Each structure stands twice: as C-alpha cells, then as structure tokens.
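Numbering (the working numbering), first residue to last: 2 to 153.
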C-alpha cells in the first residue's frame, strides 16, 4: 500500500501568482462499514492547474434508521506530494451528522502549490490521489445514553 500523509489543517488561499503546470487529481473515499453510509467522490478525477483553487464534491448517504456522526481522515498519495496539497475548506474539518436516510454533498476546496513542480523528488509526477475515510464518532448524547443504560 502506498504511503500517504494525513492532515485536517485548513490552508490559506494561494498567492495571486499561479503556476503554469497542471496535474491530475484522482479522488477516493471509504467509510467504516459499521456506519451504514455510502460515501464516494462525485468525480473520479480532474485536471488541476497548479496554484488555482478547485472545488470537488463527495456524496454521502446514511442508509441506517439512526442518526450517525462521522469524521473523515484525509490522505494524499504519494506521501511526498502531501505538503503541496492545501485545503481551504473541507468537510473533514468537522464531524458530519447525517439523519436516517439523509443524502448530502460534501465539498472540498483545495489547490496544489506550484512549488511541487520544482521538487526533485516529485519530478515527472503526473497524478496525486486525495482520499477520505469516514469513521463513526460517538456524540456526547450517545455516550450519556450508553452510560445511563449501563448504570454508570
């Protein structure tokens, strides 16, 4: 399995100067089976000019009959490219709460720093993969209910 980098940090917008190169960004998405969510990118890939802000979407659907809250972990492959991919806005910055049967579109606004073209370790790189994996999180209310049910 290729190495990847994980970060949920928010970036600042790129400088006005934009690079001249382009790179293919492919998207991946998974969710913990216990969540009963369908989660996938709405586009398989896109060609991104270096330094230009782009918007991509992921679709999520709660197949269960209960409210489910999840958090997304973010990764970039190859690992060395991670330092050049910056997220301006992302559903991965906060937990996502879906009602039973709810469908949502989740945006990510990002750019690829033009400095990637100058990195000797990434010379010849033509594609970067952005992936998100959703995991269920317990809300304070769920923890409180479970605690009172167990007598504690």
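Think of the CB as a built atom: it goes at the ideal place given N, C-alpha and C, for glycine as much as any other residue.
Note that the structure is predicted; figures quoted are calculated from it, not measured.
Requested in this report: For residue 43, collect the residues of the same chain with a Cβ closer than 8 Å to its Cβ; drop the 5 residues on either side in sequence, then sort them by chain order.
Outcome: Answer for residue 43: 57, 58, 59, 60, 106, listed in chain order.
**Report entry** For residue 75 and residue 129, the rounded distance between their alpha carbons
**Finding:** Approximately 13 Å between the Cα atoms of the pair.
Report task. Can you tell me the Cβ-Cβ gap for residue 23 and residue 51, rounded? I've got them flagged as a contact below 8 Å. Result -> Right, their Cβ atoms sit about 7 Å apart.
Query raised in the report: For residue 122, does the count of other Cβ atoms within 10 angstroms reach 16, so buried, or fall short, so exposed?
Result: exposed
Report task. May I have a chain-ordered list of the beta strand (DSSP E) segments no shorter than 3 residues that lie completely inside the segment 87 to 149? Result -> 97 to 99, 104 to 113, 128 to 137
Query raised in the report: For residue 101, does the count of other Cβ atoms within 10 angstroms reach 16, so buried, or fall short, so exposed?
Result: Around the beta-carbon of residue 101, fewer than 16 other beta-carbon atoms lie within 10 Å, marking it exposed.
Query raised in the report: So what does residue 56 bridge to, in DSSP terms?
Result: 110
**Report entry** Beta-bridge partners of residue 42, as assigned by DSSP
**Finding:** 59
Query - Exposure of residue 103, with buried meaning 16 or more beta-carbon neighbours within 10 Å - result: exposed
Query raised in the report: Going by other Cβ atoms of all chains shown within 10 Å of its Cβ, with 16 needed for buried, is residue 115 buried or exposed?
Result: buried
Query raised in the report: Among all the DSSP beta bridges, which residues are the ones paired with residue 82?
Result: Residue 82 is not bridged to any residue.
Requested in this report: Give me the Cα-Cα distance between residue 79 and residue 27, rounded to the nearest whole angstrom.
Outcome: 12 Å
Query - Delimiting residues of the beta strand (DSSP E) encompassing residue 29 - result: 23 to 32
Query raised in the report: Can you name the residues that DSSP bridges to residue 47?
Result: 26
Query raised in the report: Does DSSP put residue 76 in a helix, in a strand, or in coil?
Result: strand
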